[in-house]
Amino acid sequence: MAEDRMPRVRALLDAVRAEGRTALTAPEGKVVADAYGIAVPGEELAADVEEAVAYAARFAGPVVMKIVSPDILHKTDAGGVIVGVEGAADVRAAFHEIVANARAYDAEARITGVQIQELLPKGQEVIVGAVTDPTFGKVVAFGLGGVLVEVLKDVTFRLAPVDADEALSMLDSIRAAEILRGVRGQAAVDRWAVAEQIRRVSELVAEFPEIAEVDLNPVIATAEGAVAADIRVILSDTPVKERRRYTRAEILTSMRRLMEPVSVAVIGASNEQGKIGNSVMRNLIDGGFAGDIHPVNPRADDILGRKAYKSVTDVPGEVDVAVFAIPAKFVSSALEEVGRKKIPNAVLIPSGFAETGEHALQDEIVAIAERYGVRLLGPNIYGYYSTWQDLCATFCTPYDVKGGVALTSQSGGIGMAVLGFARTTRTGVSAIVGLGNKSDLDEDDLLTWFGEDPHTRCIAMHLEDLKDGRAFVEAARATVPKKPVVVLKAGRTAAGARAAGSHTGALAGDDAVYDDILRQAGVIRAPGLTEMLEYARALPVLPTPKGDNIVIITGAGGSGVLLSDAVTDNGLTLMDIPPDLDASFREFIPPFGAAGNPVDITGGEPPSTYEATIRLGLEDPRIHALVLGYWHTIVTPPMVFAELTARVVAEFRARGVEKPVVASLAGDVEVEEACQYLYERGVVAYPYTTERPVEVLGAKYRWARAAGLLGGRS
Numbered sequence: 003m004a005e006d007r008m009p010r011v012r013a014l015l016d017a018v019r020a021e022g023r024t025a026l027t028a029p030e031g032k033v034v035a036d037a038y039g040i041a042v043p044g045e046e047l048a049a050d051v052e053e054a055v056a057y058a059a060r061f062a063g064p065v066v067m068k069i070v071s072p073d074i075l076h077k078t079d080a081g082g083v084i085v086g087v088e089g090a091a092d093v094r095a096a097f098h099e100i101v102a103n104a105r106a107y108d109a110e111a112r113i114t115g116v117q118i119q120e121l122l123p124k125g126q127e128v129i130v131g132a133v134t135d136p137t138f139g140k141v142v143a144f145g146l147g148g149v150l151v152e153v154l155k156d157v158t159f160r161l162a163p164v165d166a167d168e169a170l171s172m173l174d175s176i177r178a179a180e181i182l183r184g185v186r187g188q189a190a191v192d193r194w195a196v197a198e199q200i201r202r203v204s205e206l207v208a209e210f211p212e213i214a215e216v217d218l219n220p221v222i223a224t225a226e227g228a229v230a231a232d233i234r235v236i237l238s239d240t241p242v243k244e245r246r247r248y249t250r251a252e253i254l255t256s257m258r259r260l261m262e263p264v265s266v267a268v269i270g271a272s273n274e275q276g277k278i279g280n281s282v283m284r285n286l287i288d289g290g291f292a293g294d295i296h297p298v299n300p301r302a303d304d305i306l307g308r309k310a311y312k313s314v315t316d317v318p319g320e321v322d323v324a325v326f327a328i329p330a331k332f333v334s335s336a337l338e339e340v341g342r343k344k345i346p347n348a349v350l351i352p353s354g355f356a357e358t359g360e361h362a363l364q365d366e367i368v369a370i371a372e373r374y375g376v377r378l379l380g381p382n383i384y385g386y387y388s389t390w391q392d393l394c395a396t397f398c399t400p401y402d403v404k405g406g407v408a409l410t411s412q413s414g415g416i417g418m419a420v421l422g423f424a425r426t427t428r429t430g431v432s433a434i435v436g437l438g439n440k441s442d443l444d445e446d447d448l449l450t451w452f453g454e455d456p457h458t459r460c461i462a463m464h465l466e467d468l469k470d471g472r473a474f475v476e477a478a479r480a481t482v483p484k485k486p487v488v489v490l491k492a493g494r495t496a497a498g499a500r501a502a503g504s505h506t507g508a509l510a511g512d513d514a515v516y517d518d519i520l521r522q523a524g525v526i527r528a529p530g531l532t533e534m535l536e537y538a539r540a541l542p543v544l545p546t547p548k549g550d551n552i553v554i555i556t557g558a559g560g561s562g563v564l565l566s567d568a569v570t571d572n573g574l575t576l577m578d579i580p581p582d583l584d585a586s587f588r589e590f591i592p593p594f595g596a597a598g599n600p601v602d603i604t605g606g607e608p609p610s611t612y613e614a615t616i617r618l619g620l621e622d623p624r625i626h627a628l629v630l631g632y633w634h635t636i637v638t639p640p641m642v643f644a645e646l647t648a649r650v651v652a653e654f655r656a657r658g659v660e661k662p663v664v665a666s667l668a669g670d671v672e673v674e675e676a677c678q679y680l681y682e683r684g685v686v687a688y689p690y691t692t693e694r695p696v697e698v699l700g701a702k703y704r705w706a707r708a709a710g711l712l713g714g715r716s
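If you read the sequence shown in my numbering, its first letter stands for residue 3, the second for the next number, and so on.
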């Protein structure tokens with residue numbers, strides 16, 4: 003029980019800290035393991051040779067002997083481990099050898115004694131551990147273990163604590179999962195016992211925040227159980243700084259006034275073209291914002307036909323948002339006035355804060371905002387767009403195509419790439435938001451809002467980091483069942499692992515942890531900017547699949563092969579066509595075509611063959627999604643193919659038959675117009691590529707599984 007185990011572990015950790023240590027010795031680790039029910043072998047601590055001989059005699063068979071020193075963390079590196087020692091003479095010799103090796107490794111090291119441990123039977127070596135991630139906090143890890151753990155790096159991560167089901171899922175999430183199920187005549191391991199080791203370690207680190215890292219390596223997993231041959235526990239030497247948290251209700255209240263404002267003040271508004279304050283004012287006015295726009299400038303009476311105010315405190319009535327377009331050095335004093343005016347949101351466009359090394363200045367504005375209850379967007383941003391409110395609060399080009407995609411970016415340059423893509427592809431957006439330095443408002447605030455926003459059907463986020471990974475995961479888990487969340491995480495680096503004191507810590511590179519935990523949260527991770535934007539554009543267009551069976555219908559055998567590869571690469575399932583369905587397809591294709599899957603109708607077929615086979619694919623309830631491969635011929639020109647496909651899909655959707663249909667069009671430049679035509683009518687189509695349409699279909703499947711709308715693997 004937690005009430006029994008926690009005092010024992012608390013007393014031990016306090017004693018270790020009182021000695022100025024951060025690493026527990028092996029015997030101290032066993033105390034922790036015993037308290038949490040973490041299975042470890044029988045062992046004793048021998049202070050001298052004769053104790054070693056006596057203790058070894060208590061175990062039936064060979065033993066393992068290990069140096070015990072608070073100053074030697076990596077025992078194997080110091081020559082401090084000897085395996086398979088049996089008999090009094092060998093125990094004496096091993097004892098002396100281990101101590102001598104330790105002295106040679108570190109002459110100043112304190113030696114407590116030599117651990118005598120029963121030798122475990124042979125089994126599959128795995129690693130179970132936990133680490134404190136700077137973004138996500140306590141994270142539990144599992145993978146193949148032993149001496150090759152840092153070479154193979156076959157490890158998966160989850161937020162701690164995990165329940166029994168989540169722990170079991172980790173066994174299937176490593177590349178070598180099949181080994182645990184038994185291969186080449188070997189018995190499968192006791193999966194429940196391994197999962198219990200994971201779960202108990204996760205509880206330990208969740209209940210003791212000062213534990214920075216835990217390492218069970220190796221854990222010997224057999225058909226009879228799982229026992230940790232070694233346990234390493236490392237304490238943190240720095241206290242964890244708590245971030246200020248807001249309730250869901252508080253977030254929604256402030257975000258509603260930010261995204262649906264009635265009144266906006268522009269601090270630093272200007273009549274001078276080329277000034278940011280002028281650009282923001284023009285965008286607000288020219289964009290058609292129907293609310294009140296109040297320019298604030300102490301040296302002007304009138305700006306762009308609007309009455310100007312010396313201070314934001316002079317503006318009559320309530321103001322929902324203050325947009326800052328003044329130099330960084332003036333922001334603090336103006337923010338004080340915003341606070342006194344009780345304006346709930348400040349949009350900080352200026353740069354010159356933490357991104358240029360001015361951390362103190364950024365800390366100052368955060369403190370002011372917290373004192374007055376003002377939420378900050380930025381600083382160092384291009385502003386934001388809320389298209390359904392005709393709001394363009396930015397100094398960049400306007401955008402007014404309303405739709406269901408919300409786009410956010412941490413970088414201004416990426417934000418403009420988002421804007422250009424949206425315009426080129428005619429993607430309707432509900433919002434485009436810059437986050438910049440994220441001094442306050444960040445992705446979890448936006449996720450909370452967009453998850454409830456009726457105008458938003460898909461959320462896509464470019465991020466370089468997360469301030470609070472757990473808050474993001476919490477917001478994502480609440481949002482994903484309702485709408486897809488696509489993330490482009492920049493910065494694939496393992497720099498955070500360099501100073502790790504355990505195997506688990508060394509494996510927990512930034513990107514590896516992000517990858518697993520974003521997947522755990524149900525987020526679709528995009529490999530690049532183009533993919534993020536294409537997923538965001540496509541996912542609202544595609545219906546949700548009702549099953550895994552995918553059929554490829556193609557006019558070109560070569561495209562069919564590439565499309566098949568893409569289906570497999572994206573974790574999708576090509577349907578095994580049953581005989582009756584195979585016979586039905588054969589009725590519509592020439593004798594030299596090929597049924598099966600892909601269905602190859604050949605390139606010289608008229609529009610009627612495309613139409614008949616597409617109809618069959620939509621009619622048969624056993625087929626859940628269609629991938630179409632078209633190539634340009636004069637017999638069936640691109641727009642003819644596009645029009646017939648869109649017509650048939652629309653007909654079936656009107657009858658309540660909605661299946662995702664994606665298409666790859668190869669041909670001359672006319673296929674570009676055909677793809678646009680199809681896209682606008684609910685068929686996700688791309689020219690010159692077989693990979694992209696299947697990638698977006700794969701993203702739709704990943705979301706459907708994460709949202710609980712489709713069974714099977716995630």
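No residue lacks a Cβ here, since even glycine has one placed at the ideal position from N, Cα and C.
Does DSSP put residue i in a helix, in a strand, or in coil?
i	result
L363	helix
G187	coil
Q412	coil
D165	coil
P329	coil
V83	strand
S432	strand
K309	strand
S586	helix
M418	helix
T570	helix
D689	Before going on, a small fix: residue 689 reads as Pro here, not Asp. Three-state DSSP puts P689 in a strand.
F144	strand
I555	strand
N347	strand
Tell me the rounded alpha-carbon separation between residue i and residue j.
i	j	result
A480	V489	16 Å
E476	I519	11 Å
V323	M261	9 Å
L427	L206	The amino acid occupying residue 427 in the given sequence is Thr; Leu does not appear at that position. Cα to Cα, T427 sits roughly 50 Å from L206.
L122	T546	50 Å
I579	G598	6 Å
T27	Q188	34 Å
V515	L161	9 Å
W633	L541	25 Å
E622	S238	Rather than Glu, the amino acid found at residue 622 in this sequence is Asp. Whole-angstrom Cα-Cα distance: 60 Å.
H505	A109	With a pLDDT of only 47 at H505, under 50, the local geometry of the prediction cannot be trusted, and the value read off the model is given with reservation. Straight-line Cα distance between these residues: approximately 25 Å.
A708	G270	45 Å
Alpha helix (DSSP H) containing residue i: first to last residue?
i	result
T27	Careful: T27 lies outside any alpha helix (DSSP H) and carries neither H nor E.
R258	250-261
W451	445-454
N219	Here N219 belongs to no alpha helix (DSSP H); instead the beta strand (DSSP E) covers 213-224.
Which whole-angstrom value describes the C-beta separation of residue i and residue j, a residue pair presumed to lie in contact below a C-beta threshold of 8 Å?
i	j	result
G631	T556	3 Å
V185	V221	Contact flag wrong, Cβ pair sits at about 19 Å.
V376	G341	5 Å
W451	I253	7 Å
L182	A190	7 Å
P600	I554	4 Å
T647	L680	6 Å
For residue i, verify whether its CB is less than 7 Å away from any heavy atom of the ligand ADP.
i	result
V133	Summarising the ligand content, the structure contains no ligands, and the ligand ADP is consequently not present.
What span of residues does the beta strand (DSSP E) with residue i cover, start to end?
i	result
E120	115-120
S204	Premise fails: S204 lies in the alpha helix (DSSP H), 193-209, not in any beta strand (DSSP E).
E476	E476 -> not in any beta strand (DSSP E); alpha helix (DSSP H) instead, spanning 471-481.
Using a Cβ-Cβ cut-off of 8 Å, state whether residue i counts as contacting chain D.
i	result
L146	Going by chain labels, chain D is absent from the structure shown, which holds only one protein chain.
Item to check | Segment contact flag, the stretch 324-334 with the stretch 368-386, C-beta cutoff 8 Å, min 3 pairs | outcome: yes
Item to check | Any 3 or more C-beta pairs closer than 8 Å across the stretch 362-369 and the stretch 290-310 | outcome: no
Next on the checklist: Three Cβ pairs or more, each shorter than 8 Å: is that satisfied between the stretch 304-318 and the stretch 352-361?
Outcome noted: no
Checklist entry - Should the stretch 35-50 be regarded as contacting the stretch 199-216, the criterion being three or more beta carbon pairs within less than 8 Å? => result yes
Item to check | Any 3 or more C-beta pairs closer than 8 Å across the stretch 405-414 and the stretch 428-441 | outcome: yes
Checklist entry - So does the stretch 81-100 actually touch the stretch 8-19, counting three or more Cβ pairs closer than 8 Å? => result no
Next on the checklist: Count Cβ pairs between the stretch 16-32 and the stretch 226-246 that sit closer than 8 Å; are there 3 or more?
Outcome noted: yes
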